[in-house]
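Data block below; observations after.
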Amino acid sequence: MSQLSTRAEIIKLARLLKLKEAQLASLEKYEVAQLRDLRERMSAALYDSSRPHLVRVAAATKLIPVALIAAIGEKFYGPLLCARVTGLMSPERAAEVAGKLPATFLADLSIELDPRSAKEVIALLPASLVVTVAKEMLKRREYITMARFVDVLSDKVIRAVMDVIKDDRALLEIAFFVESADRLDALIGMIPEERLRSVIVTAASDENNLWPEALSMMTQVGDKLRGKMGDITASLSDEQLSTVIAAVERGGMWGAWVGVLSAMSVESQRRVLSLADVESPEALSALATAAKEHGLWNQLLPLLKFMNDAPRKQLEDFFERVKSTVKNMG
Amino acid sequence: MANKQADELRSKLKPGAGLEFLNELDKDSLTLLNKGLDDAKKTEHQALDKAIEGSMTMIPFLLRGAFKKILFP
Numbered sequence: 001m002s003q004l005s006t007r008a009e010i011i012k013l014a015r016l017l018k019l020k021e022a023q024l025a026s027l028e029k030y031e032v033a034q035l036r037d038l039r040e041r042m043s044a045a046l047y048d049s050s051r052p053h054l055v056r057v058a059a060a061t062k063l064i065p066v067a068l069i070a071a072i073g074e075k076f077y078g079p080l081l082c083a084r085v086t087g088l089m090s091p092e093r094a095a096e097v098a099g100k101l102p103a104t105f106l107a108d109l110s111i112e113l114d115p116r117s118a119k120e121v122i123a124l125l126p127a128s129l130v131v132t133v134a135k136e137m138l139k140r141r142e143y144i145t146m147a148r149f150v151d152v153l154s155d156k157v158i159r160a161v162m163d164v165i166k167d168d169r170a171l172l173e174i175a176f177f178v179e180s181a182d183r184l185d186a187l188i189g190m191i192p193e194e195r196l197r198s199v200i201v202t203a204a205s206d207e208n209n210l211w212p213e214a215l216s217m218m219t220q221v222g223d224k225l226r227g228k229m230g231d232i233t234a235s236l237s238d239e240q241l242s243t244v245i246a247a248v249e250r251g252g253m254w255g256a257w258v259g260v261l262s263a264m265s266v267e268s269q270r271r272v273l274s275l276a277d278v279e280s281p282e283a284l285s286a287l288a289t290a291a292k293e294h295g296l297w298n299q300l301l302p303l304l305k306f307m308n309d310a311p312r313k314q315l316e317d318f319f320e321r322v323k324s325t326v327k328n329m330g
Numbered sequence: 001m002a003n004k005q006a007d008e009l010r011s012k013l014k015p016g017a018g019l020e021f022l023n024e025l026d027k028d029s030l031t032l033l034n035k036g037l038d039d040a041k042k043t044e045h046q047a048l049d050k051a052i053e054g055s056m057t058m059i060p061f062l063l064r065g066a067f068k069k070i071l072f073p
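Protein sequence lines correspond, in order, to chains A and B. The first sequence begins at 1 in this note's numbering and counts up one residue at a time. The second sequence begins at 1 in this note's numbering and counts up one residue at a time.
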């Protein structure tokens, strides 16, 4: 998958252990799921070691007013310990405390917080407060942190936050880092078509080099949304579409591309497959190999009819050769 | 040696499947992860002790006894 998702996991692990990202460079070759598993278990180990003390701190907060808890939290406990205590307080009281803290502190706290441990607190926060903190995080380009909150925020609050994200690149990066496929589907489903088009155009422009992220996102959503995003991609100008194909080729992402192609409308498939860039012998060979490796032949075969004679023949010959090899082996 | 360090790291984490890839990591990476986790725990405990001590100065005098009873049972 993308180097960016691996990097995101390494950043999160480095933050947890107070290390520099570069110190964990040896982990780059591992799967995102393996790194996430390691990070989550290390996070749990850290939390468990302080838990007995944190439970007592949370209990003691019941004795003092909310404003004093906020003042003490900001002055003595800092973002990390406040994040740890948050999930141990009553959600109502924790939400009240959040209302007394400055947005900059809440942004720091959010970086340290495991949103799943404070779901009920987050659900009680007013949308206006979440938007204020989101603006602070946008300023800091804290897209990884923002993405973690997509899993626990309501659709209504997510819509309010999306309204303040004016930068397509930021929106794309946040969406890319969302961990739950269901929530990603919901998030993208909330993006109006014009904005989605704008995000895809941004990803497709060469200088941003964000197509791997956009394509990775498309592969994680359901067929309907994948088809919608695929159709938008197919409607890009020849120049933009050529940039997309070049990025697919550069990143060796033909398998993902076949998945998107197969979800597009017939008109879109015809347009993309008749494009000269897809029909170069090198691209065709890569496309056929990816289809074979990913078991996507059945999806690609019906699309061949949209290709011009020569490239279609090349692919058909390729399939015939593989078929007879398989037959001879059997 | 690296395997021993991988086992040491696994022993500090929740048991369960996965994390076999730790066996492939070199000695330096495993040392870093083991030490990183130990140091983070230590730092967090120290910060918590300091925060509890500091926060006492802001607790109203009349509540300090009750506060201490909860924090230091």
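We treat Cβ as the ideally placed atom computed from N, Cα and C, and that holds for glycine. The structure displayed is predicted, hence computed values, not measured ones.
Coarse secondary structure for M1(A), derived from DSSP in three states: Against the first sequence, residue 1(A) aligns to sequence position 1. For M1(A), the predicted model reports a pLDDT of 46, less than 50, meaning its position is unreliable; a value from the coordinates is still stated below. Correct three-state label for M1(A): coil.
CA nearest to the CA of R41(A), picked from L63(B), Q5(B), A47(B), P15(B): As a working note, residue 41(A) is residue 41 in the first sequence. R41(A) has its Cα closest to that of P15(B), out of L63(B), Q5(B), A47(B), P15(B).
Where the segment 35-47 of chain B meets chain A: residues whose CB sits under 8 Å from a CB there: G36, L37, D39, A40, K41, T43, E44, H45, A47
Contact with chain B by M1(A), beta-carbon distance below 7 Å: Start at 1 with the first residue of the first sequence, and residue 1(A) comes out as number 1. The pLDDT assigned to M1(A) is 46, lower than 50, so where the model puts this residue is not dependable; a value taken from the coordinates is nonetheless given after this. By this cut-off, M1(A) is not an interface position.
Cutoff 8 Å; reference T104(A); Cβ partners in own chain excluding five residues on either side: Locating residue 104(A) in the first sequence gives position 104, counting from the first residue. Closer than 8 Å at Cβ, skipping near neighbours: E136.
Candidates E279(A), A247(A), G252(A), I232(A): closest to S265(A) by CA position: Counting from one through the first sequence, the residue named residue 265(A) turns up at place 265. Closest option to S265(A), Cα to Cα, is I232(A).
Residues of the segment 9-29 of chain B with Cβ closer than 7 Å to any Cβ of chain A, in chain order: K12, L13, K14, G18, L19, F21, L25, D26, S29
Extent of the continuous alpha helix (DSSP H) to which H294(A) belongs: As a first step, residue 294(A) is located in the first sequence; it is residue number 294 there, counting from the start. Looking at the DSSP string, H294(A) is not in any alpha helix (DSSP H), and its letter there is neither H nor E.
DSSP-derived helix/strand/coil call for L153(A): Your numbering for residue 153(A) matches position 153 in the first sequence. Of the three classes helix, strand and coil, the one that applies to L153(A) here is coil, per DSSP.
Runs of alpha helix (DSSP H) lying entirely within the segment 11-61 of chain A, each at least 4 residues, in chain order: 32-60
Extent of the continuous alpha helix (DSSP H) run through V121(A): Taking the first residue of the first sequence as position 1, residue 121(A) is located at position 121. Run containing V121(A): 119-124, per the alpha helix (DSSP H) assignment.
Contacts around K156(A), its chain only, beta-carbon distance under 7 Å, and the 5 residues preceding and following it disregarded: For the purposes of this step, residue 156(A) is taken as residue 156 along the first sequence, with counting starting at 1. Closer than 7 Å at the Cβ level, and outside the excluded window around K156(A), lie A127.
Supposed contact pair K41(B) and E49(A) - C-beta distance, whole angstroms, cut 8 Å: Taking the first residue of the first sequence as position 1, residue 49(A) is located at position 49. Taking the first residue of the second sequence as position 1, residue 41(B) is located at position 41. In the sequence under discussion, the amino acid at residue 49(A) is Ser, which differs from the Glu named in the question. About 5 Å; that satisfies the 8 Å criterion.
Whole-number beta carbon distance between L25(B) and S26(A), since they are thought to touch under 8 Å: Looking up residue 26(A) in the first sequence gives position 26. Looking up residue 25(B) in the second sequence gives position 25. Contact flag correct, Cβ pair sits at about 7 Å.
Own chain residues within Cβ distance below 8 Å of A45(A), not counting five before or after: Here residue 45(A) corresponds to residue number 45 of the first sequence, with the count starting at 1. Correct list: empty, nothing qualifies.
I70(B) beta carbon less than 7 Å from that of A60(A): Taking the first sequence and counting its residues from 1, one reaches residue 60(A) at position 60. Taking the second sequence and counting its residues from 1, one reaches residue 70(B) at position 70. Contact: yes.
Near-chain A residues of the segment 47-64 of chain B (beta-carbon distance less than 8 Å), N- to C-terminal order: A47, L48, K50, A51, I52, G54, S55, M58, I59, P60, L63
Endpoints, the alpha helix (DSSP H) within which P302(A) is located: Start at 1 with the first residue of the first sequence, and residue 302(A) comes out as number 302. Element bounds for P302(A): n/a, residue is neither H nor E.
Identity of the residue in G189(A), L296(A), T86(A), H53(A) nearest K228(A) by Cα: Numbered from 1 along the first sequence, position 228 holds the residue referred to as residue 228(A). Looking at the Cα atoms, G189(A) is the closest of the given residues.
Inter-residue Cα distance where the pair is Q339(A) and V260(A): Any question about residue 339(A) goes unanswered here, given that chain A covers just 1 to 330.
Sequence-distant residues of the same chain with beta carbon closer than 6 Å to A118(A), five excluded per side: Within the first sequence, residue 118(A) is the residue found at index 118, counting from 1. Contacts found: T86, G87.
Terminal residues of the alpha helix (DSSP H) in which S268(A) lies: For this step, residue 268(A) is matched to residue 268 along the first sequence. 266-273 is the span of the alpha helix (DSSP H), which, as asked, contains S268(A).
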